[in-house]
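Have a look at the structure below before the remarks.
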């Protein structure tokens, strides 16, 4: 049995709308047809398990309600779909119980807020190949967050220009570096040339220091065959990670890649906001991330505290909890990646609000590369901020004998704290 | 150059928001970084071409505006991205210029309303393999709409039950039959068994009458390899069409399938509504359908007049125009598929409002199978409705000497007209 919780909003009856979802998304049609026997209904019909009334909404989420409409009622409805009706195919689940619902008339808002999958899904998907333990093993970082940075500017650097920047970042002591998610394989920076320019620097540094920086190359491509060629380029050159734009390639692209992948798959969720930003419409991240973890995301970008985007801190905290809560067991969890406008100043609040854990990848772009003392000082400042957070020492106090953190506070502190 | 038109909504400056989209989605970051030279900017930076002010909105689309906010300003902004910055990869286009924008802070609504792709995209994608001409050739239907029906109930029939219904539908004279999009390959009706039960009936009928009914089997699967096995089952059994749930399989699944496909690909867009139903957020269909046509959709479901869903008629009319307007030339057009609650009564308005064409697939579920005289009478009633529409004869008049149409009008007419 698959149980989905929908938050329904309607000027009509929430009970009728819940019944309509259950009917339309299983056996239903607009006129009775031959063949709809009680036995068939028992086999596949969805049914409403529970309805919990919520307070009325002030205004409709979709502006469809006719003028002079009455109260906008809201409720959460738990609807059960027999596993037999859907099976374990995620595209069937998406089609039947999720995607199709948004076409239903008579609602002024509809959001999928919870999803409970039965054990059968565990066996049907590969899940993360590396996750937290693989990411720790490959970076050699334990007992603190993996600290990462992003090559900027987002677009436009040629491979040799990127490689020069990357060389400096490698020397900074950072654990992880990624291509901006917008950088894939444009003509001015074909992935093949970028890999050829960057990987020798990673490997040289490993030879010299024993530390292999994890570099996530942007391998996404519309054509899965091309994406696999990109994957192979990275793997054959000794790389171990890739940025994957999950919404852009879609579930098919992700499934295809995961089956064949030897790389840590670092998911960027660009496009997700349109599915979630309006709180009355779409999906909670808690629901949507389940699909992608089953499909094999190892590292999941989920914004962070005090980001430059629209997303409120509370939403990040819930996303962090979502990706680190087992669907079936610990092995299906993804490593949370906090990013966007991070520089270390958000370490104490991130630590406090996510269960006092250092099991995350903490991504700082400008926060590292624009540090007044250069990237190495930027990395040290971020490490110091996390040391302070874990020790419950205020950053200002810790900065007194940690000059890199002090410089960070001076440069970035006014903007973000 | 790729030109995208965004409809921006903000309590701030629309000009600033347009500049922010251009900057964030190409070179931008939250702090200036080394490497952002004027030469680099010229190579890849997006730029605002034009801004057209619209009337203020009554309320924010996303309920993010702070209490006591001022007027909600709206404008359409045309932004040009150099082709070099993105290339011709659709997942790069989606990531850079579309998906990423919805995370930007400071807007209360944002919608992509137009997209103009340069000629280079034509060569980069296969596009539709069959489209209108292939659909006409394979069904042998010319000079009137291809008339189709859907096997109902949506879920729960076993293969022999489905095949029995299909046998009756084949005899009805219908041109096209499809699995409900929710039916893929569940345990109670594995695709392999469904194909084995149905295809002999299609082929027998062809042997006897010369008419091969086009049957669209639900082949969607999360794993592209499995989807290809499904495709092959249909093709090897003599089938010629498949229902593909494009949003569920994603662009990767679709690209993979199209490269290897020998079937007419009939797209169901379930899930699309969440991207478009709020008029201030997401995508116009006009934009979104371009991705899928380039990827190879032959037949595109776009609702119809007087549907059972939320979508207004005007939106259907615009969608019809969208899929039949060449992106580059006629070969990239999809066959429009009108469906949902159709029974023939909508033929006159469909014909009148879509440029007086019969180049469409007209899908009637209950409208055919629940006709009082049975499916064959249902099919004749729909054909008669289209004859009347093309001849500009009111349905009531035409029904006087067309009893099947008369029975349809009596049964379905009160509900929909």
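Residue numbers (the numbering used here), protein chains in the order written: chain A, 355 to 771; chain B, 355 to 771. Ideal Cβ positions, reconstructed from N, Cα and C, are used throughout, including at glycine.
Under 9 Å, do residue i and residue j count as touching if we go by C-beta distance?
| i | j | result |
| --- | --- | --- |
| residue 610/A | residue 577/B | yes |
| residue 372/A | residue 510/B | no |
| residue 760/B | residue 702/B | no |
| residue 640/A | residue 452/A | no |
| residue 621/B | residue 541/B | no |
| residue 437/B | residue 363/B | no |
| residue 498/B | residue 737/B | yes |
| residue 562/B | residue 494/B | no |
| residue 720/A | residue 695/A | yes |
| residue 680/B | residue 656/B | no |
| residue 429/B | residue 375/B | no |
| residue 686/B | residue 420/B | no |
| residue 629/B | residue 628/A | yes |
| residue 677/B | residue 654/B | yes |
| residue 658/A | residue 716/A | yes |
| residue 503/A | residue 489/A | no |
| residue 604/A | residue 605/B | yes |
Residue i: buried (16+ other C-beta within 10 angstroms of its C-beta) or exposed?
| i | result |
| --- | --- |
| residue 614/B | exposed |
| residue 423/B | exposed |
| residue 384/B | Its pLDDT being 47, under 50, residue 384/B is placed unreliably in this model, and the value from its coordinates should be taken loosely. Buried, by the Cβ-count rule. |
| residue 666/A | exposed |
| residue 391/B | exposed |
| residue 514/A | exposed |
| residue 755/A | exposed |
| residue 684/B | exposed |
| residue 327/A | An answer regarding residue 327/A cannot be provided, because it is not within the stretch 355 to 771 covered by chain A. |
| residue 765/A | buried |
| residue 710/A | exposed |
| residue 725/B | buried |
| residue 441/B | buried |
| residue 491/A | exposed |
| residue 751/A | exposed |
| residue 549/A | buried |
| residue 410/B | exposed |
| residue 763/A | buried |
| residue 425/A | exposed |
| residue 462/A | buried |
| residue 516/A | buried |
| residue 361/B | buried |
| residue 758/A | buried |
Just to check my reading of the structure: residue i and residue j have Cβ atoms closer than 8 Å, yes? What is that Cβ distance to the nearest angstrom?
| i | j | result |
| --- | --- | --- |
| residue 501/B | residue 733/B | 6 Å |
| residue 617/A | residue 589/A | 6 Å |
| residue 471/B | residue 356/B | 6 Å |
| residue 484/A | residue 652/A | 4 Å |
| residue 479/A | residue 649/A | 6 Å |
| residue 379/B | residue 454/B | 6 Å |
| residue 449/B | residue 602/A | 5 Å |
| residue 381/B | residue 399/B | 5 Å |
| residue 608/A | residue 642/A | Not confirmed; about 13 Å, so no contact. |
| residue 528/A | residue 722/A | 7 Å |
Can a CB atom of chain C be found closer than 9 Å to the CB of residue i?
| i | result |
| --- | --- |
| residue 371/B | No chain C appears in this structure, whose protein chains are A and B. |
Decide if the stretch 555 to 575 of chain A is in contact with the stretch 514 to 524 of chain A; the criterion is three or more beta carbon pairs, one per stretch, under 8 Å apart.
yes
Quick check on the DSSP output: what are the complete beta strand (DSSP E) runs of length 3 or more inside the stretch 626 to 686 of chain B, in order along the chain?
635 to 637 and 653 to 655
Three or more C-beta pairs under 8 Å: does that hold for the stretch 561 to 578 of chain A against the stretch 595 to 603 of chain A?
yes
How do the stretch 413 to 421 of chain A and the stretch 624 to 636 of chain A stand: do at least 3 beta-carbon pairs fall below 8 Å, yes or no?
yes
Do the stretch 490 to 509 of chain B and the stretch 532 to 548 of chain B make contact, defined as three or more Cβ pairs closer than 8 Å?
yes
Mind pulling the alpha helix (DSSP H) runs of 4 or more residues that sit fully within the stretch 457 to 505 of chain A?
474 to 478 and 485 to 493
List, from N- to C-terminal side, the alpha helix (DSSP H) runs of 4 residues or more that fit wholly inside the stretch 370 to 424 of chain A.
392 to 398
Within the stretch 703 to 761 of chain A, ranges of the alpha helix (DSSP H) (whole runs, at least 4 residues):
720 to 723, 729 to 744 and 749 to 753
Can you check the stretch 546 to 614 of chain A for any beta strand (DSSP E) of at least 3 residues that lies completely inside it and give the ranges in chain order?
568 to 572 and 595 to 599
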